[in-house]
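**Student:** Take 1 as the starting number for the sequence shown in full-length UniProt numbering and just add one per residue.
Glycine residues also receive a C-beta, built at the ideal position from the N, C-alpha and C atoms.
Here it is: the structure, laid out below.
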Amino acid sequence: MKMENLLTLDVSSTGLEEYLDLDYMVNHPRFLQRLYLKGRLEKLPGWISSSSLDSLVRIYLKWSKLNTDNNPLWALQALPNLLELQMVDSYMGKSLEFMPNSFQKLKILHLEQFASLNMVVVETNAMPKLEKLTLCKCEKLEILPSGISKLTHLEELFLFDMNESFLNRLKKDCEDRSMVDHIKIIHSYRLGSNGLWSYQNLS
C-alpha cells in the first residue's frame, strides 16, 4: 500500500480487543502530520520513531494497552516536532518516565485511564515547552508528577476524576503545593452520580 504522501492517518479497530497491525507499511508516510490509532497494540509500529517523521505534530493513542516492555514513550520521545500527545487507556505500566531532553517541542499532554499508573517522573529538560497537562481517571496516581516544578512553561493543569489523595496535595496548606505554584490555572472536575460535573478551582 502506497502511503508516502499521507498527511493524516486514522486507524480504528472494530472492537476493543482487536489488535492493530501497521508494520505492513514498508514505506511509511514521511510527511505525516497527524496520527490517530484506536485499538489494541502489541507495540507501536517500528516506523513511528523514524527520524524522518519531521512533520508529525499530533498523536492520539486510544485502547492500545501497551505492556511495560513496550512503553510508548520510548518510541515517541525523539520525534522532533511533536506538539500534542493524547493517550487514553494506552499503557498498563505503573510508571511513566519522561527522559532527559525528550519531547523538546511538546506543548499539550493528555493522559487518561492509565489503570495501573502510580508514578510520573519528569526528568531534567524533558518537555521544556509544555503548556497544558491533562490527567483523567488515573485512579492509582496519588502523588504529583516528580519534576513538575521543572515545567516552567506549564500554564494549565486540568484534572478529571482524579484520586482524592492526589487532589489533596494541591491544597494551599500542603507541602507539595510549592511544586505547582507556577501554574496559572489548576482546575479539577468530578463526575457525580447524577451525571453532572462538579468543578473545583485549585489555582
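Quick one: using the 10 Å Cβ neighbour count with 16 as the cut-off for buried, is L16 buried or exposed?
**Tutor:** The count along the sequence shown starts at 1 and reaches residue 16 at position 16. That one is exposed.
**Student:** Please report the straight-line C-alpha distance between V11 and Y36, rounded to a whole angstrom.
**Tutor:** Along the sequence shown, one-based indexing puts residue 11 at 11. Along the sequence shown, one-based indexing puts residue 36 at 36. Between V11 and Y36, the C-alpha separation is close to 6 Å.
**Student:** I need the straight-line Cα distance from S203 to M87, nearest angstrom please.
**Tutor:** Translated into positions along the sequence shown, residue 203 becomes position 203. Translated into positions along the sequence shown, residue 87 becomes position 87. Each residue's CA atom was taken as its position, placing S203 and M87 some 25 Å apart.
**Student:** Can you give the beta carbon distance from W63 to D89, rounded, assuming they're within the 8 Å contact cut?
**Tutor:** Sequence index remark: in the sequence shown, residue 63 carries index 63 (1-based). Sequence index remark: in the sequence shown, residue 89 carries index 89 (1-based). Right, the Cβ-Cβ distance comes to about 5 Å (below 8 Å), so this counts as a contact.
**Student:** Is the CB-CB distance between L157 and M127 below 8 Å?
**Tutor:** For the purposes of this step, residue 157 is identified with residue 157 of the sequence shown, where counting begins at 1. For the purposes of this step, residue 127 is identified with residue 127 of the sequence shown, where counting begins at 1. No, Cβ-Cβ distance for L157 and M127 is not below 8 Å.
**Student:** Starting from the N-terminal side, write out each stretch of the beta strand (DSSP E) that is 3 residues or longer and does not extend beyond the segment 34 to 63.
**Tutor:** 34 to 38, 58 to 62
**Student:** Just to check my reading of the structure: F31 and S55 have Cβ atoms closer than 8 Å, yes? What is that Cβ distance to the nearest angstrom?
**Tutor:** In the sequence shown, counting from the first residue as 1, residue 31 sits at position 31. In the sequence shown, counting from the first residue as 1, residue 55 sits at position 55. That pair is a contact at about 5 Å.
**Student:** Across which residues does DSSP place L9 in a beta bridge pair?
**Tutor:** For the purposes of this step, residue 9 is taken as the residue at position 9 of the sequence shown. According to DSSP, L9 bridges with L35.
**Student:** Could you tell me which of S178, L111, C136, K94 sits nearest to N118, measuring between CA atoms?
**Tutor:** As a position in the sequence shown, residue 118 is number 118, starting the count at 1. Of the candidates S178, L111, C136, K94, K94 places its Cα closest to the Cα of N118.
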